[in-house]
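Colleague: Handing you this structure, nothing more for now.
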Amino acid sequence: MQHLDDGLLHALVDGEVPSSELGPIQAHLASCADCRVRLDEARAMAGESNALIELIEVPASSAPAPLPAPRRRPAAWIKPLALAASLGLAVAIGYAGGARQGEVFVPAALRVDTLYLSEDGAAHRQESSEEAARPATVPAPASAAEQSDEQARSRREAPREAESREAEADQAAAPAAPSPAVERARSDSMAERKQSSQYRLDEREAAGRVGARQAPAPQPARDFVGRVANVLTDSALKRANNEGAAKSLAAAPQARLEQAVTTLAVTPISFTEAVALLGGQLKLIEGMVPARLESSGTAVRVVYVLERGELILQQRREADSVSVELIGPALSPDSLAKLRQKIR
Amino acid sequence: MSSFLADLFTQYHASLVRVIYRRTGDRDQAEEIAQEVFARAAAAPPRNPRPWLFAVALNLIREEGRTRSRRGRLLQLYQEEGPRQAAPPDHELERSERANMVRAALDTLTPRDREALLLKAEGFNYDEIAAALGLAKGAIGTTLARARRRLVEACRAQEMEANRNAAS
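Sequence order for the protein chains is A and B.
At position 148 of the first sequence (counting the first as 1) the number is 148 in my numbering, and the numbers step up by one without a gap.
At position 131 of the second sequence (counting the first as 1) the number is 1131 in my numbering, and the numbers step up by one without a gap.
Structure below.
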């Protein structure tokens, strides 16, 4: 047999030669000292080149590139105005109906189921309240928390939102200063969130979770926001006590339960950040392609575009699980059930 | 499809960024290219993802023509940070110097040889390297043999030059 060429020697070093071909090669090596020396050199060279390449370490990320800026949507001023009007009316009805001070009527038609996914992947559905609408008691108003960027944004928006918006206390990621494009996208996103924010109120009431710190809302709506926030807090506490509720609620510290739902801060994020925020457990809807990823404090929002609007798979890392909420346009029970099954 | 993409991301993102970074020397650019690769995977899920992801990444690099050397960049960054930050320990400087040396040595290789070496360093087998680079499997051993020899020789030459300069 002729001497072994360099390619074969390196293939031997890398374990790439099929065992069926090793016989003649081993026989040659046994009888050829030169090839044995060259094999040793190949082995040393392979090791040295690997060691050299491993010296090149990826430095810490400065600012990971986010996903492309979300598509701009026309500001739907009319929808939030209509919703604000309806909520205002609902509050008025609640008060006029002789409810105790601070009770708020929450329409049932806007409820959306909330799902909690535990570590084993089992989906635990947290049903909305059985009652079509029930008043909730209101303790003392919660204190406002500081969130200057949300305050500035809410002031920029012309229609005063009557409903609550979320604000997260913690920023797990540290996004770069928002560019104009991000700000525009954020304000557009705010308009859309008004449509779904009412769903979120009901979700949190049903699920007994309140996740966000109260942020300063526009002055005219602040009192209402505070009252709604406390409604959710109180109902969350009651549900925890009475029903031995979902472990995400049971595990939530009191401080977190007392956070009010007011302003939602949304920032476009990358896959990297999303996975990092959720501890490597990013949930997606199988068969659908996300339009974008966003963060809201520690929550990750996977946004899908449907014909009727945006469907948001909002998820947050809990103690030992990932809580998942579906936020979006009203869907039939069948559609909702199908979506739930596809969450992976 | 989405869960497939999430699994793909979890499995390969760090490795992809590392290969791209070692190829280009630009951390942020590596992240951007990796993002683009996964976006393309989302649009058209590959059947054999590992070599596909890296093949797309390497093609993107070639398209952007990023072959500039980063020699001395880390040292320059340390200098620009100035009095606000303490000087890095000697061993870190030495390591970064050596990394720059390796990058410069890699730049002396042909693109194919360099890419084969980087993929092998990520644990690719010959089938995967062949698929990623569009080469015959039988050519990978020879490609790696040549690439390894040139890298080691280039690094040794730089070390000798550095020692000569230090001695003079």
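Each residue gets a CB set at the ideal place from its N, CA and C atoms; glycine is no exception.
Only a predicted model underlies this, so the values are computations on that prediction, with no experimental measurement involved.
Give the straight-line distance between the Cα atoms of Pro1046/B and Trp1052/B, rounded to the nearest whole angstrom.
Modeller: Within the second sequence, residue 1046/B is the residue found at index 46, counting from 1. Within the second sequence, residue 1052/B is the residue found at index 52, counting from 1. C-alpha separation (whole angstroms): 7 Å.
Colleague: Which of helix, strand or coil does DSSP assign to Arg292/A?
Modeller: In the first sequence, counting from the first residue as 1, residue 292/A sits at position 292. Reduced to three states, the DSSP call for Arg292/A is strand.
Colleague: If we count the other Cβ atoms within 10 Å of its Cβ and call it buried at 16 or more, is Gly1082/B buried or exposed?
Modeller: The residue labelled residue 1082/B in the question sits at position 82 within the second sequence. Any reading at Gly1082/B must be qualified, since the residue scores a pLDDT of 47, below 50, and its modelled position is unreliable; no value is offered.
Colleague: Pick helix, strand or coil for Ile403/A, following the three-state DSSP scheme.
Modeller: For residue 403/A there is no data in the structure shown, the boundaries of chain A being 1 and 344.
Colleague: If you follow the alpha helix (DSSP H) that Val13/A is part of, which residue opens it and which one closes it?
Modeller: Residue numbering aside, residue 13/A sits at position 13 when the first sequence is read from its first letter. Segment 6-13, the alpha helix (DSSP H) holding Val13/A.
Colleague: Against chain B, does Lys338/A count as a neighbour if the rule is that its beta carbon must be under 9 Å from one of theirs?
Modeller: For the purposes of this step, residue 338/A is identified with residue 338 of the first sequence, where counting begins at 1. False, the Cβ-Cβ gap to chain B never drops below 9 Å.
Colleague: Kindly indicate the opening and closing residues of the beta strand (DSSP E) around Ser323/A.
Modeller: Sequence index remark: in the first sequence, residue 323/A carries index 323 (1-based). First-last of the beta strand (DSSP E) with Ser323/A: 322-327.
Colleague: Using 9 Å as the limit for Cβ to Cβ distance, is Arg301/A near chain B?
Modeller: Against the first sequence, residue 301/A aligns to sequence position 301. Answer no: the Cβ-Cβ gap between Arg301/A and chain B never drops below 9 Å.
Colleague: Restricting to Cα atoms, I'd like to know which of Ile1129/B, Met1101/B, Ala1132/B, Asn1048/B is closest to Arg1022/B.
Modeller: Locating residue 1022/B in the second sequence gives position 22, counting from the first residue. When only C-alpha atoms are compared, the closest one is Met1101/B.
Colleague: Which same chain residues end up closer than 6 Å to Glu130/A when comparing Cβ atoms and leaving out the 5 residues on each side of it in sequence?
Modeller: Numbered from 1 along the first sequence, position 130 holds the residue referred to as residue 130/A. Bear in mind that the predicted position of Glu130/A carries a pLDDT of just 44, short of 50, making it too unreliable to give a figure here.
Colleague: Please classify Gln341/A: is it buried, with 16 or more other beta-carbons within 10 angstroms of its beta-carbon, or exposed?
Modeller: The residue given as residue 341/A occupies position 341 in the first sequence. Per the 10 Å Cβ criterion, exposed.
Colleague: Taking a contact to mean a Cβ-Cβ separation below 9 Å, would you say Ala1057/B touches Leu1016/B in this structure?
Modeller: Your numbering for residue 1057/B matches position 57 in the second sequence. Your numbering for residue 1016/B matches position 16 in the second sequence. Cβ distance < 9 Å, so Ala1057/B and Leu1016/B count as in contact.
Colleague: My output table needs one value for Arg209/A: the three-state DSSP class, helix, strand or coil.
Modeller: Along the first sequence, read from residue 1 onward, the residue named residue 209/A stands at position 209. Model confidence at Arg209/A stands at a pLDDT of 44, short of 50, so the residue's coordinates are unreliable and nothing is read from them.
Colleague: Using a Cβ cut-off of 9 Å (strictly closer), state whether Thr272/A contacts chain B.
Modeller: As a first step, residue 272/A is located in the first sequence; it is residue number 272 there, counting from the start. By this cut-off, Thr272/A is an interface position.
Colleague: Which of the three DSSP states is assigned to Val1037/B in this structure?
Modeller: Within the second sequence, residue 1037/B is the residue found at index 37, counting from 1. Looking at Val1037/B - three-state DSSP - the assignment turns out to be helix.
Colleague: Using three-state DSSP, classify Ala299/A as helix, strand or coil.
Modeller: Residue 299/A sits at position 299 when you count from the first residue of the first sequence. Ala299/A: strand per DSSP, three-state reduction.
Colleague: Could you tell me the distance, in whole angstroms, from the CA atom of Gly1065/B to the CA atom of Asn1059/B?
Modeller: Numbered from 1 along the second sequence, position 65 holds the residue referred to as residue 1065/B. Numbered from 1 along the second sequence, position 59 holds the residue referred to as residue 1059/B. Roughly 10 Å separates the two Cα atoms.
Colleague: Give me the residue from Val322/A, Gly309/A, Glu318/A, Ser332/A with the minimum Cα distance to Leu284/A.
Modeller: To locate residue 284/A, count along the first sequence from 1; it is residue 284. If we check each option's Cα against that of Leu284/A, Val322/A comes out closest.
Colleague: Quick one: does His10/A have its CB under 9 Å from some CB of chain B?
Modeller: Numbered from 1 along the first sequence, position 10 holds the residue referred to as residue 10/A. Yes, His10/A lies at the interface with chain B (some Cβ there is under 9 Å from its Cβ).
Colleague: Taking Cβ positions, are Ile269/A and Glu294/A nearer each other than 9 Å?
Modeller: Numbered from 1 along the first sequence, position 269 holds the residue referred to as residue 269/A. Numbered from 1 along the first sequence, position 294 holds the residue referred to as residue 294/A. Against a cut-off of 9 Å, the Cβ pair of Glu294/A and Ile269/A comes out as a contact.
Colleague: Does the pairing of the stretch 304-316 of chain A with the stretch 1027-1034 of chain B give three or more beta-carbon distances under 8 Å?
Modeller: Cβ pair count under 8 Å is below three, so no.
Colleague: Assuming contact is defined by CB atoms lying nearer than 9 Å, are Val13/A and Ala42/A in contact in what I supplied?
Modeller: Position 13 of the first sequence, counting from 1, holds the residue named residue 13/A. Position 42 of the first sequence, counting from 1, holds the residue named residue 42/A. Yes. Within cutoff.
Colleague: If I measure Cβ to Cβ from Leu1151/B and keep anything under 7 Å in the same chain, skipping five residues before and after, which residues do I get?
Modeller: For the purposes of this step, residue 1151/B is taken as residue 151 along the second sequence, with counting starting at 1. Cβ neighbours of Leu1151/B beyond the five flanking positions: Ala1105, Leu1106, Leu1109, Leu1117.
Colleague: Taking the C-alpha atoms as reference points, what is the distance between Ala46/A and Arg292/A?
Modeller: Residue 46/A sits at position 46 when you count from the first residue of the first sequence. Residue 292/A sits at position 292 when you count from the first residue of the first sequence. Looking at the two C-alpha atoms, the distance is approximately 43 Å.
Colleague: Report, in whole angstroms, the separation of the C-beta atoms of Thr1143/B and Arg1164/B, which I expect to be a contact under 8 Å.
Modeller: Taking the second sequence and counting its residues from 1, the one referred to as residue 1143/B is at position 143. Taking the second sequence and counting its residues from 1, the one referred to as residue 1164/B is at position 164. Between Arg1164/B and Thr1143/B the Cβ distance is about 32 Å, and since that is not below 8 Å, they are no contact.
Colleague: Looking only at its own chain, which residues have a Cβ that is under 6 Å from the Cβ of Leu282/A, when we skip the five neighbours before and after it?
Modeller: As a working note, residue 282/A is residue 282 in the first sequence. For Leu282/A, where only same-chain residues beyond five positions count, the Cβ hits under 6 Å are Ala274, Val275.
Colleague: DSSP has Pro268/A in a bridge; who is on the other side?
Modeller: Position 268 of the first sequence, counted from the first residue, corresponds to residue 268/A. DSSP output for Pro268/A lists Glu294/A as bridge partner(s).
Colleague: With a threshold of 16 other CB atoms inside 10 Å of the CB of Ala215/A, please say whether the residue is buried or exposed.
Modeller: As a position in the first sequence, residue 215/A is number 215, starting the count at 1. For Ala215/A, the pLDDT reaches just 45, beneath the cut-off of 50, and the residue's location in the model is therefore unreliable, although a value from the coordinates is still provided. Its Cβ being crowded by 16 or more others within 10 Å, Ala215/A is buried.
Colleague: Report yes or no: is there a C-beta of chain B within less than 9 Å of the C-beta of Pro18/A?
Modeller: Stepping through the first sequence from its first residue, residue 18/A is reached at position 18. Not closer than 9 Å to any Cβ of chain B, the Cβ of Pro18/A fails to qualify, so no.
Colleague: At a Cβ cut of 8 Å, what residues of the stretch 23-55 of chain A count as close to chain B, listed as they run along the chain?
Modeller: Cβ contacts with chain B come from Ala42, Met45, Ala46, Glu48, Ser49, Asn50, Leu52, Ile53, Glu54, Leu55.
Colleague: Distance, Cα to Cα, His1013/B vs Arg1149/B?
Modeller: As a position in the second sequence, residue 1013/B is number 13, starting the count at 1. As a position in the second sequence, residue 1149/B is number 149, starting the count at 1. Each residue's alpha carbon lies about 29 Å from the other.
Colleague: I need the straight-line Cα distance from Arg111/A to Thr298/A, nearest angstrom please.
Modeller: Looking up residue 111/A in the first sequence gives position 111. Looking up residue 298/A in the first sequence gives position 298. Annotation note: pLDDT 40 at Arg111/A (below 50); position unreliable, coordinate value reported separately. When rounded, the distance between both Cα atoms is 23 Å.
Colleague: Can you tell me where the alpha helix (DSSP H) with Cys32/A in it begins and where it stops?
Modeller: For the purposes of this step, residue 32/A is taken as residue 32 along the first sequence, with counting starting at 1. Premise fails: Cys32/A is in no alpha helix (DSSP H) and is neither H nor E.
Colleague: At what residues does the alpha helix (DSSP H) containing Gly1141/B begin and finish?
Modeller: Position 141 of the second sequence, counted from the first residue, corresponds to residue 1141/B. Element bounds for Gly1141/B: 1140-1167.
Colleague: Nearest CA to the CA of Lys1137/B: which residue from Leu29/A, Val17/A, Ile25/A, Ala60/A?
Modeller: In the second sequence, residue 1137/B corresponds to position 137, counting from 1. Checking every option, the nearest Cα to that of Lys1137/B belongs to Val17/A.
Colleague: Using DSSP with H/G/I as helix, E/B as strand and the rest coil, what is Arg317/A?
Modeller: Reading the first sequence from its first residue, position 317 is the one you call residue 317/A. Here Arg317/A sits in strand by DSSP.
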